[in-house]
Amino acid sequence: MAALVQTARDILVYRQKEGFLTVAADSLGGFGMKPGDAIQVAPELCGRMTVRVCLMETLAVGAIPFSVTALTCNEREPTGARILSGIQAELADSGYPDLSWGGSTEDNVATNMTAIGITLLGECRRLSWRLAQPGDDVYLLGKPAVGEEVLANLAALPTPRQIRQLRENACVGDVIPCGSRGIAWELHVLEEETGLHTRLTPGFDDSILGESAGPATCAIFTSSKALEGFSGSVEKLGSLVRM
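The number in the working numbering is simply the position in the sequence shown, starting from 1, with 120 added.
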């Protein structure tokens, strides 16, 4: 029987007889092309951004995705099909075009607002987390954004490939995507899981720490030294010290 591993991260982790199973999930509502949507955006992008959150949470702990379930609370055609197209495109762009699929659509009643939920399963022999050490620096990849800010900065958003690149770097300890609770919450998670304290870099703009990071528009990570050859927009946030 799988045993739940306690974590404050936005992912479920189960210890199995051999290795670990991860369950990442995210939802979206009010973004789309329907009359009731607060922000008008292509359904394909809705699918992309929602599964991106799940991918980033999964890859951040060192797991490899193998199955995705997409629940679309709208009709199959055209909204559901367009959302699924976006999900498939994001999976392919991230290097996972052949995952097993499941899902459902709402074809019994008409809907006037877009809503979706995605669950992503992953697995690994060994988790890559809780590795940060005293003296490691804490970096911010990307910037917090939500709503229209996301649409205006799509090209600058962190990607699952970048998260995997960080995870594969021997200097990197922990990687934690940030969501609607903001950078401050994920720093709390980092401190809780490592028993260390984050000392902010003098001059760092701490006003952004409480801002929503929407669909994982930024991530924090620790490293024992500055990264070379990394393509993302990275800023030193602070360093880890003993409490």
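Note that beta-carbon positions come from the ideal geometry of N, C-alpha and C, so glycine has one too.
All figures in this text were calculated on a predicted structure; none of them were measured in a lab.
| task | Just the C-alpha distance for residue 161 and residue 278, rounded to the nearest angstrom, thanks. | result | 19 Å
| request: Rank 208, 172, 182, 331 by C-alpha distance to the C-alpha of residue 221 and give the top, closest one. | output: 208
| request: Compare the C-alpha of residue 346 against each of 327, 305, 183, 290 and name the closest. | output: 290
| field | CA nearest to the CA of residue 326, picked from 140, 264, 336 | value | 264
| Name the DSSP beta bridge partners of residue 140, please? | 135, 244
| Contacts around residue 146, its chain only, beta-carbon distance under 7 Å, and the 5 residues preceding and following it disregarded | 170, 173, 174, 238
| request: Determine the contact status of residue 311 and residue 318, defining contact as a CB-CB distance below 8 Å. | output: yes
| task | Could you tell me the distance, in whole angstroms, from the CA atom of residue 293 to the CA atom of residue 198? | result | 43 Å
| In this structure, does DSSP put residue 239 in helix, strand or coil? | strand
| request: Could you tell me how far apart the beta carbons of residue 266 and residue 353 are, in whole angstroms, since I believe they sit closer than 8 Å? | output: 18 Å between Cβ atoms; not a contact.
| said: Based on DSSP bridge pairs, tell me the residues matched to residue 361. | reply: 317
| In its own chain, which residues sit with a C-beta less than 6 Å from the C-beta of residue 192, not counting the 5 before and 5 after it? | 200, 203, 225, 236
| Unbroken beta strand (DSSP E) run spanning residue 297, endpoints | 292-298
| message | Rounded to whole angstroms, what is the Cα-Cα separation between residue 281 and residue 356? | response | 20 Å
| Nearest CA to the CA of residue 247: which residue from 135, 361, 123, 271? | 135
| field | Selected residue, minimal CA-CA separation from residue 336, among 298, 362, 330 | value | 298
| said: Closest to residue 286 by C-alpha separation, out of 344, 142, 126, would be which residue? | reply: 344
| task | Could you tell me if residue 307 is buried or exposed, where buried requires 16 or more neighbouring beta carbons within 10 angstroms of its beta carbon? | result | buried
| request: Could you tell me which residues DSSP puts in a beta bridge with residue 231? | output: None, per the DSSP bridge assignment.
| field | Whole-angstrom distance between residue 241 and residue 144, CA atom to CA atom | value | 7 Å
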